[in-house]
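In the working numbering, the protein residues as written are -8 to 60.
Before any comments, here is the structure.
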């Protein structure tokens, strides 16, 4: 289960971040992870970054439910 503290940690933001900063960081990390996943040939790396993308989606859903974004 994701807590607010964990969500900010995953996004590498402090808890004073605005909704715009949260969404921007989410989108940047999502793009970065997708690019790494798509460019690598190593299956472990691909899976690791796919899991990171899922974790980011969980954070996004968490903030939506908390009406933070």
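Ideal Cβ placement from N, Cα and C applies to all residues, glycine included.
Note that this is a predicted model, so its numbers are computed, not measured.
- Here residue -2 is buried, its C-beta having at least 16 other C-beta atoms within 10 Å.
- When the beta-carbon positions are compared, residue 41 and residue 28 come within less than 8 Å of each other.
- Beta-carbon to beta-carbon, residue 17 and residue 38 are separated by about 21 Å, too far to satisfy the 8 Å threshold.
- Residue 52 places its beta carbon 8 Å or farther from that of residue 13.
- Comparing alpha-carbon positions, the option among 57, 58 and 48 lying closest to residue 19 turns out to be 48.
- Residue nearest to residue 0 within the set 56, 58, 46 and 55 is 46 (criterion: CA-CA distance).
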